[in-house]
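Written out below as structure tokens is the structure these notes cover.
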Amino acid sequence: MVGPHKPGSAGSRNRPVKVTWQQGASRLFNLVIGLLNAPSPRPTAWVVENIEGYSGQLKSRERVFHRDRESLRQLGIQLSHESRERQDYWLLRPEQVFLPDLDLSETELQVLATATQWARQPVDSAMAGP
Numbered sequence: 005m006v007g008p009h010k011p012g013s014a015g016s017r018n019r020p021v022k023v024t025w026q027q028g029a030s031r032l033f034n035l036v037i038g039l040l041n042a043p044s045p046r047p048t049a050w051v052v053e054n055i056e057g058y059s060g061q062l063k064s065r066e067r068v069f070h071r072d073r074e075s076l077r078q079l080g081i082q083l084s085h086e087s088r089e090r091q092d093y094w095l096l097r098p099e100q101v102f103l104p105d106l107d108l109s110e111t112e113l114q115v116l117a118t119a120t121q122w123a124r125q126p127v128d129s130a131m132a133g134p
């Protein structure tokens, strides 16, 4: 009989785990998506009024946005900033969050596709249930 495996042990790899969002993670995700999809830089007021997850008084929402920008910076995502007419504008360029196109050979693509299928197999079968 096989007992439970300790996290990080060889037997715990590729086993499904319960994933929970940390508080504020969905707001950060919404911020990234909202600014990536923006056709032009957005003022702070637009961000805190239109991005899901900002609530409360305007000053409170602006403080949360300031903390979110710092959180993203610590994750390696730097928002582009410009000031005009005494307002701050924000934009997230795709090259700031996405890897550049990889120039892989056909063989390398096949190896990557095979590895992806292999890595997903235990999770997919566990999610399917009995």
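Reading the sequence shown from the start, the letters are residues 5 to 134 in the numbering used here.
Using N, Cα and C, we set each Cβ at its ideal position, and we do this for glycine too.
Residue(s) in a DSSP beta bridge with residue i
| i | result |
| --- | --- |
| L95 | S84 |
| P47 | Y93 |
Distance between beta carbons of residue j and residue i, contact taken as under 8 Å
| i | j | result |
| --- | --- | --- |
| I55 | G28 | Contact flag wrong, Cβ pair sits at about 12 Å. |
Same chain only: Cβ atoms within 7 Å of residue i, ignoring 5 sequence neighbours per side
| i | result |
| --- | --- |
| F69 | T48, V51, V52 and Y58 |
| Q100 | I81 and Q82 |
| E86 | P45 and Y93 |
| P98 | L40 |
| L32 | D72, S75 and L76 |
| A42 | L95 |
| M5 | Its pLDDT being 44, under 50, M5 is placed unreliably in this model, and the value from its coordinates should be taken loosely. Taken in chain order, the list of residues that qualify is empty. |
Spatial neighbours of residue i in its chain, beta-carbon cut-off 8 Å, leaving aside the 5 residues before and after
| i | result |
| --- | --- |
| L116 | L108 |
| L62 | A49 and V52 |
Residue-chain proximity (residue i, chain C), Cβ-Cβ < 9 Å
| i | result |
| --- | --- |
| R67 | Considering every chain present, this structure includes no chain C. It has just one protein chain. |
Proximal residues to residue i (C-beta, below 6 Å), its chain only, five neighbours per side dropped
| i | result |
| --- | --- |
| L96 | L39, L40 and L83 |
| R65 | V52 and Y58 |
| D91 | For the record, residue 91 in the displayed sequence is Gln; it is not Asp. Excluding positions up to five away in sequence, the list reads P47. |
| V36 | none |
Contact test: residue i Cβ vs the ligand PLP heavy atom, cutoff 8 Å
| i | result |
| --- | --- |
| R65 | Ligands in the displayed structure: none, and consequently the ligand PLP is not present. |
Query raised in the report: For the 8 Å Cβ check, are there 3 or more pairs between the stretch 105-122 and the stretch 77-90?
Result: no
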